[in-house]
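What follows is a set of notes on a single structure, which appears directly below.
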């Protein structure tokens with residue numbers, strides 16, 4: 001199997017799995033179980049071992065363990081390993097993606113499942129198209145979700161968010177778990193955007 005064929009299979013598997021995570025997120029709970037979160041990460045690690053860079057796979061395996069720590073400095077070391085691996089491979093997309101999604105996770109703007117899903121997608125497709133597709137999916141999913149959930153209170157919600165941002169009162173982990181809304185769908189939507197773009201451009205079909 002060529003790298004292009006493996007990438008196509010990987011994208012299909014991630015689409016299906018992230019769809020399953022989205023359904024669980026919507027109808028079961030905001031906190032996803034590990035058995036549902038880890039398989040895409042393992043897929044990304046295997047893809048890097050076979051078709052990418054072994055040290056990116058090693059850095060991701062180490063980072064996943066380090067990110068379980070209660071100490072931010074230990075978690076930061078995990079991200080620094082990912083950043084170093086991406087820099088050595090000269091992949092700006094991976095470097096930006098690893099740092100961005102860890103920061104969103106650390107600031108409790110996105111959950112751990114979201115960050116790990118984004119890591120997985122970027123390891124399978126470490127290119128700018130995936131990076132921007134994920135960002136577009138997350139943004140559109142967030143906006144649509146807020147419109148549906150808050151309806152007439154949308155303006156008030158935006159004002160509250162802006163005020164908290166100005167005061168640097170970022171969400172706490174307790175708020176994210178207790179009041180957070182399902183967001184893994186944004187990653188799934190980003191994958192859909194990437195898949196559609198790839199089909200239209202024919203990029204996944206080129207050898």
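Residue numbers (my numbering): 1 to 207.
Virtual Cβ for every residue (Gly too), placed ideally from N, Cα, C.
- Message: What ranges does the alpha helix (DSSP H) occupy inside the region 23 to 88, keeping only unbroken runs of at least 4 residues that lie completely in it?
- Response: 34 to 51, 54 to 66 and 72 to 88
- Item | Beta-carbon gap between residue 85 and residue 55 smaller than 9 Å | yes
- Message: Excluding the 5 residues flanking residue 61 on each side, which residues of the same chain have their C-beta closer than 8 Å to its C-beta?
- Response: 45
- Message: Can you tell me whether residue 122 is helix, strand or coil according to DSSP?
- Response: helix
- Please name the residue in 130, 202, 198 and 3 whose C-alpha comes closest to that of residue 50. 3
- Query: From residue 16 to residue 36, what does the alpha carbon distance come to, in whole angstroms?
  - Reply: 12 Å
- If residue 141 and residue 100 are in contact, beta carbons under 8 Å, what's the gap, nearest whole angstrom? Their Cβ separation, rounded to whole angstroms, is 16 Å, which puts residue 141 and residue 100 out of contact at 8 Å.
- Terminal residues of the alpha helix (DSSP H) in which residue 185 lies: 184 to 201
- Item | Rounded C-alpha distance that separates residue 197 from residue 130 | 10 Å
- Message: Do residue 95 and residue 107 count as a contact pair if the criterion is CB distance below 9 Å?
- Response: no
- Query: Residues in its own chain within less than 7 Å of residue 47 by CB, not counting five upstream and five downstream?
  - Reply: 6, 10, 123 and 124
- Residue nearest to residue 89 in terms of C-alpha spacing, selected from 121, 52 and 120: 52
- Message: What does the alpha-carbon distance come out to for the pair residue 67 and residue 127?
- Response: 24 Å
- Does the distance from the C-beta atom of residue 34 to that of residue 63 stay below 9 Å? no
- Item | Neighbour-count burial assignment, residue 103, 16 or more Cβ in a 10 Å radius | exposed
- Query: At what residues does the alpha helix (DSSP H) containing residue 94 begin and finish?
  - Reply: 92 to 106
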